[in-house]
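Engineer: Take any residue in the sequence shown, count from 1 to its spot, add 2: that is its number in the numbering used here.
The C-beta atom is built at its ideal place from N, Cα and C for all residues, glycine as well.
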Amino acid sequence: MLDAFARRLIDPPLDAIGRSLAGIGATPNVVTLTGLGLGVIAAVVIAMGAPLLALLPLLASRLADGLDGAVARATRKSDFGGYLDIACDFFFYGAIPLAFVVLDPIANGVAGAFLIASFYFNAASFLGYAILAEKHGMETSAQGSKSLYFSNGLLEGTETIAFFVLLCLVPQHFAPLAWAFGALCYATAALRLWGARAVFSD
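#1: Which residue from Phe202, Phe123, Pro178 puts its Cα closest to that of Gly96?
#2: Compute the distance between the beta-carbons of Val73 and Ala28, then report whether it is under 8 Å.
#3: Indicate whether the contact test is met: 3 or more Cβ pairs, each with one atom in the segment 18-37 and one in the segment 75-83, closer than 8 Å.
#4: By how many angstroms is the C-alpha of Phe92 removed from the C-alpha of Met50?
#5: From Ala24 to Gly68, what does the alpha carbon distance come to, in whole angstroms?
#6: Compare the C-alpha of Ala66 against each of Asn31, Leu105, Cys187 and name the closest.
#7: According to DSSP, is Asp106 part of a helix, a strand, or is it coil?
#8: Hey, how far is the Cα of Leu169 from the Cα of Leu157?
#9: Could you tell me how far apart the beta carbons of Thr34 and Asp87 are, in whole angstroms, since I believe they sit closer than 8 Å?
#10: If we require 4 or more residues per run, which alpha helix (DSSP H) segments fall completely within the segment 44-85?
#11: Over what stretch of residues does the alpha helix (DSSP H) that includes Gly159 continue unbroken?
#12: Within 8 Å of any Cβ in chain B, is that where the Cβ of Gly197 sits?
#13: Does the beta-carbon of Ala101 have 16 or more other beta-carbons within 10 angstroms, so that it is buried, or is it exposed?
Printed below as a string of structure tokens:
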């Protein structure tokens, strides 16, 4: 819901940094994989019992996630780069809740499973919509220049990052927060399905 607004604020500085990184030889795929590596480090730190400390690699990971597109715009965008980016994003989105489950499986296990399942459903609705949008020649730049069609929803990347930050700040409240956020993810996917029925019905 907030991605379009956030992109208008962050794209100009990201593009400036991206041009600088491209100037010293950075490639989009290397930046993407660096972001994934930082995200995995954040997950490991959470699982080891230091969620607050994990904020630094977590936020650095999301900065890299924004910078890979900026580097691509400064050099050359590729279909594989977009594919790698979305695959790494979903890896990250699953790794953080899993880390909280590993941190306290008794308190967080069921809520964490519910949250990850909601991410799975939401991802399927998002990617399925993108496939059909490509088939119908649809385009959008509301969430910035993307390799895939990004359909909007109640919860998008901006809200998910804010949610992960909140979990790191108050890890003792993971379970109720996971139940609430997971329910909103299910609602997001259901609304996307409803919208797709109107757009893609023959």
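Structural biologist: So, from the data block:
#1: As a position in the sequence shown, residue 96 is number 94, starting the count at 1. Closest by alpha carbon: Phe123.
#2: For this step, residue 73 is matched to residue 71 along the sequence shown. For this step, residue 28 is matched to residue 26 along the sequence shown. In this structure, Ala28 lies closer than 8 Å to Val73 by Cβ.
#3: yes
#4: Along the sequence shown, one-based indexing puts residue 50 at 48. Along the sequence shown, one-based indexing puts residue 92 at 90. If I take the Cα positions, the gap works out to 22 Å.
#5: Here residue 24 refers to the residue found at position 22 of the sequence shown. Here residue 68 refers to the residue found at position 66 of the sequence shown. If you take the alpha carbons of Ala24 and Gly68, they lie about 14 Å apart.
#6: Counted from its first residue, the sequence shown places residue 66 at position 64. Here the closest residue by C-alpha is Asn31.
#7: Position 104 of the sequence shown, counted from the start, is the residue given in the question as residue 106. Reduced to three states, the DSSP call for Asp106 is coil.
#8: As a working mapping, residue 169 is identified with position 167 in the sequence shown. As a working mapping, residue 157 is identified with position 155 in the sequence shown. The straight-line gap from Cα to Cα measures roughly 16 Å.
#9: Counting from one through the sequence shown, the residue named residue 34 turns up at place 32. Counting from one through the sequence shown, the residue named residue 87 turns up at place 85. With a Cβ gap of about 5 Å, Thr34 and Asp87 count as contacting.
#10: 57-76
#11: The count along the sequence shown starts at 1 and reaches residue 159 at position 157. Note, Gly159: alpha helix (DSSP H), 159-171.
#12: The structure shown contains no chain B; it holds only a single protein chain.
#13: Indexing the sequence shown from 1 puts residue 101 at position 99. Ala101 should be labelled buried.
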